Amino acid sequence: MAESADPPITGGRGRILARTRLDFWLDALLLVAYTLAYSLGFTGLATHEWLGIGLGAVLLIHITLHWDWVIRTTRKLLRPGGRERFIWLVNLLLLLSMTLCIASGILISEVALPQLGIVPPASSFWRQMHDTTATVTLILVPIHAALRWRWIVSVARRLAGWRPGRSR
Amino acid sequence: MKFLRHFTAVVLTVAVIVGLGLLWAHASGGGGTRIGSGRGPAFIHSGPGAAPSRQVLLRLRQIKAGVIRVGPAGDGFQFADTRNLIRTAEIEAALAAVVITVSAARRRRRRTRRTAATKA
Chain F
47 MAESADPPIT GGRGRILART RLDFWLDALL LVAYTLAYSL GFTGLATHEW LGIGLGAVLL
107 IHITLHWDWV IRTTRKLLRP GGRERFIWLV NLLLLLSMTL CIASGILISE VALPQLGIVP
167 PASSFWRQMH DTTATVTLIL VPIHAALRWR WIVSVARRLA GWRPGRSR
Chain A
116 MKFLRHFTAV VLTVAVIVGL GLLWAHASGG GGTRIGSGRG PAFIHSGPGA APSRQVLLRL
176 RQIKAGVIRV GPAGDGFQFA DTRNLIRTAE IEAALAAVVI TVSAARRRRR RTRRTAATKA
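So the protein sequences, as listed, match chains F and A. Numbers in the numbering used here are just positions in the first sequence, counted from 1, shifted up by 46. Numbers in the numbering used here are just positions in the second sequence, counted from 1, shifted up by 115.
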């Protein structure tokens, strides 16, 4: 999600920074991919599994891009001030649930991994873990996104070429 | 270079989480392959180097032969079942709406308080 409290969105002459653009579209991609992956009835098992694996790869890039924020906020945890701490906690829970969801999904894979010649040792433990963490992730993803809604609205407006107070 | 450094840190963090998950599975005795009911052990603890069980191989062969249909209705998007997708999107939208409403209300209250303090 968006870096720090409210990172700079524009460079000179109000142009959107390339990094902001990348963050925005990567976040949008993750949100759409997760929504699709959770809807197993719509995607079918094969698409669900490949989407999940792809989601895992994009998630690694997403966290890497925001690693500075993770370090900075973790260092500031002991200081007073609630909002960033709450966001940090939501993000930590989301990291745990999403990682376990994708890992357990790989361990119970019935199509994607067998297609690659790997037969994972499926068990009821991982199946239950996958169901539980997927539901927890479904709750945390919209909270995670909504906590940065002002950043999302701001970037979306600029991408659409709309500025407050300017008639078109 | 910085990206690579951060990427390594992220991969390590994810590996630790997955490792803890595997430990949890091992501790609860649920990390192996279920080989069905009946007498004898219910699980075979299969590590990374262990050979897959006969049941797993049979299931794989059945999937390849098309005997077992994978997914609720086979492969690819099931446009007849968009209700499933819409329901997911609705849950996400509802949760996001709650968070945004609370956040906006808190922000408005903070602003009102600040304005009142300035006037006083």
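Here a beta-carbon is modelled for each residue, glycine too, at the ideal position from N, C-alpha and C. Bear in mind that the values here come from a model prediction, so they are computed numbers and not experimental data.
| query | result |
| --- | --- |
| Cβ contact (3+ pairs, closer than 8 Å) linking the stretch 137-147 of chain F and the stretch 129-140 of chain A | yes |
| Neighbourhood of L153 of chain F by C-beta distance below 6 Å, restricted to the same chain and skipping five residues each side | P166, W172 |
| Pairwise C-alpha distance: A202 of chain F and G151 of chain F | 33 Å |
| Unbroken stretches of the alpha helix (DSSP H), 4 residues or longer, contained in the stretch 137-211 of chain F | 158-161, 170-192, 195-205 |
| CB-CB length for L105 of chain F against E156 of chain F, believed under 8 Å | Not a contact, Cβ separation roughly 22 Å. |
| Beta-carbon neighbours of W195 of chain F, restricted to chain A and to distances below 8 Å | A211, V214, I215, S218 |
| 8 Å Cβ cutoff met for W96 of chain F and T119 of chain F | no |
| Residue range of the unbroken alpha helix (DSSP H) whose run includes R221 of chain A | 197-234 |
| C-beta contact flag for V116 of chain F and L186 of chain F at 8 Å | no |
| Whole-angstrom distance between N199 of chain A and T83 of chain A, CA atom to CA atom | Look at the range of chain A in this structure, 116 to 235, and you will see that residue 83 of chain A is not part of it. |
| Where L138 of chain F falls, given that 16 or more other Cβ within 10 Å makes a residue buried | exposed |
| C-alpha gap between V214 of chain A and G191 of chain A, whole angstroms | 34 Å |
| Residue-level contact to chain A via CB, F88 of chain F, 8 Å cutoff | yes |
| Closer than 7 Å: L72 of chain F CB and nearest the ligand SAM heavy atom | This structure lacks the ligand SAM; in fact it carries no ligand of any kind. |
| Close beta carbons around I107 of chain F, own chain, < 8 Å, minus the five adjacent residues each side | L72 |
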